[in-house]
Amino acid sequence: MSKKIFKIENCKNFTGYKPCFPFSECHQKGRCEKPNPIGKRILIINLDAMGAVVQTTSMLKAIKRKFPQSTISWITLKNAVRLLDNNPFLDNVYEWNAESWLVLQNLKWDLVYSADKTKLACSFAKTLKSKKNLGFGINENGVIKPLNKEAKYLFKLGLDDNLKFKLNKKVGTEILQEAMQLNFKRDEYILNLSSEEEEFCAKYKKENNISEKDLVVGFNTGCSNLFQNKKMTIAQHVSIIKKLLNEKNIKIVLLGGREDTERNLEISKIIGNKIINTPTTEGVRNGICYENICDVVVSGDSFGMHVAIGLKKFVIAWFGLSCWSEIDLYDRGVKLIPEGLQCAPCWKKNCPYDLECIQMIDLEKIVTEILNYKKRK
């Protein structure tokens with residue numbers, strides 16, 4: 080009986096401009112000898128904040144469970160593209176630009192996951208040749224709308240403050256996956272380092288005299304400039320760090336992006352050379368590596384927090400204006416929330432109450448949780 084083969088154009092390996100493998104002659108037969116089926120052609124549109132992109136990776140395993148034979152592509156903004164490096168579930172990653180639009184608009188899709196409630200993402204989804212779109216779309220008046228009944232809860236969450244701030248108990252990963260008709264199983268974020276990046280981390284630890292005995296505590300001191308009221312004060316950071324420096328075998332690392340450079344420098348000047356102030360201007364992948372050297376990450380609700388979750392670190396996260404109920408630490412951490420404060424969460428850019436939620440952060444609890452983790456390590 081002859082071996083079953085399928086048409087070459089249905090193989091992921093075939094591009095039409097070079098052999099799939101050296102000296103292979105599949106094209107001459109019009110058939111594929113080493114089939115790698117395309118299966119369902121799926122596109123994810125996710126142009127939201129960088130932290131949201133990391134969080135959205137948690138739905139990839141659910142997609143593969145539902146469509147084992149599939150080819151998954153993802154389009155995102157330039158600053159988030161590198162977050163998808165080394166992701167085994169993705170076949171193609173496209174940067175948001177005119178060249179990518181041209182390619183994607185000329186392909187056929189079995190399914191498009193339109194994950195963002197933005198005019199830009201929804202408008203783009205509408206231009207694609209797709210059999211089915213799930214998530215969010217846009218009408219002729221420029222109004223965002225849910226495309227399927229399962230997306231209505233996530234849609235309503237953006238319109239009903241009482242539901243979002245008080246009633247909702249579901250984590251964001253569950254809400255999104257339900258909106259996309261996926262079976263939620265609390266899958267982890269997918270944020271993988273390459274072998275070269277792992278070597279970079281090991282070398283950096285050696286250069287900074289970090290041993291296996293040390294507990295490395297990273298302080299992600301800032302956040303996006305879009306919501307600056309998520310930040311703890313410099314004085315609060317200094318207070319916690321000074322207490323930890325009295326402990327044996329604890330190394331303190333300052334983490335952050337380009338926007339946190341001056342803040343970290345100021346903290347470093349106050350504390351002195353007893354802490355490690357990691358570079359903030361070397362790009363997102365190096366930033367992830369610096370966070371990877373830590374055992375514990377102390378952070379507000381920010382991109383850095385999502386990176387720490389993705390790297391499976393023990394996370395101590397404080398909250399004020401944002402919704403702590405939507406964040407899943409996967410049983411590896413502690414949430415500090417402003418108990419009894421009626422105005423939180425609020426998602427306001429300007430606070431009329433002198434940032435009481437930030438003032439309420441329990442600094443002693445942060446120290447205690449770090450020391451408790453050290454005992455367990």
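Residue numbers 80 to 456, in this note's numbering, belong to the letters of the sequence shown in order.
Ideal Cβ positions, reconstructed from N, Cα and C, are used throughout, including at glycine.
These figures come from a predicted structure and were not determined experimentally.
Using three-state DSSP, classify I437 as helix, strand or coil. helix
Could you tell me the alpha carbon to alpha carbon distance between L169 and P431, rounded to whole angstroms? 44 Å
According to the Cβ coordinates, are I269 and L139 closer than 9 Å? yes
By the 10 Å Cβ neighbour count, where 16 or more other Cβ atoms means buried, how is G412 classified, buried or exposed? buried
Quick test of your reading: V376 and K392, contact by CB under 8 Å. State the CB separation rounded to the nearest angstrom. 5 Å
Do the region 315 to 334 and the region 351 to 365 meet, that is, are 3 or more Cβ pairs less than 8 Å apart? yes
Taking all protein chains shown into account, do 16 or more other C-beta atoms lie within 10 angstroms of the C-beta of A314, making it buried, or fewer, making it exposed? exposed
Name the one or two DSSP bridge partners that P358 has. Bridge partners of P358: none, in fact.
If I measure Cβ to Cβ from F234 and keep anything under 6 Å in the same chain, skipping five residues before and after, which residues do I get? P225
For the pair the region 184 to 200 and the region 121 to 137, tell me if three or more CB-CB distances fall below 8 Å. yes
Could you check what DSSP says for N241 in three-state terms: helix, strand or coil? helix
Closest to W426 by C-alpha separation, out of N287, Y409, G399, would be which residue? G399
Tell me whether the beta-carbon of G335 lies closer than 9 Å to the beta-carbon of N299. yes
Kindly indicate which three-state DSSP category M80 falls into: helix, strand or coil? Any reading at M80 must be qualified, since the residue scores a pLDDT of 40, below 50, and its modelled position is unreliable; no value is offered.
Could you compute how far the alpha carbon of D441 sits from the alpha carbon of M311? 11 Å
I'd like to know whether the C-beta atoms of E277 and R364 end up nearer to each other than 9 Å. no
Output the residue ranges of the beta strand (DSSP E) runs that lie fully inside the region 287 to 343 and measure 3 residues or longer, sorted by chain position. 294 to 299, 329 to 334
Quick one: what does DSSP say Y268 is sitting in, helix, strand or coil? coil
Among the candidates W188, F203, I117, K454, whose CA atom is the shortest distance from the CA of I329? K454
So what's W403 in DSSP terms, helix, strand or just coil? helix
For V295, which option in Y369, T360, N308, T359 has the closest C-alpha, if you only look at C-alpha atoms? Y369
Among V182, T135, L186, W188, which one has its Cα closest to the Cα of N166? T135
What separation, rounded to the nearest whole angstrom, lies between the Cα atoms of D127 and S401? 16 Å
Helix, strand or coil for S378, going by three-state DSSP, please let me know. strand
Give me the Cα-Cα distance between I217 and I223, rounded to the nearest whole angstrom. 5 Å
What number of angstroms, rounded off, separates the C-alpha of W188 from the C-alpha of K211? 8 Å
Pop quiz: A159 and D266 are said to be a contact at Cβ under 8 Å. What is the actual Cβ separation, rounded to whole angstroms? No, A159 and D266 are not in contact; Cβ-Cβ is about 20 Å, not under 8 Å.
Going by DSSP, name the residue or residues bridged to P116. C90
Could you give the distance in angstroms between the alpha-carbon of M439 and the alpha-carbon of N220? 43 Å
What does the alpha-carbon distance come out to for the pair L272 and G118? 28 Å
Please state the DSSP three-state secondary structure of S347. helix
Residue ranges of each beta strand (DSSP E) run of no fewer than 3 residues wholly in the region 145 to 218, ordered along the chain? 149 to 155, 171 to 174, 190 to 193, 212 to 217
CB-CB under 8 Å to L408, same chain, minus the five flanking residues each way: which ones, in chain order? I388, V394, A396, K414
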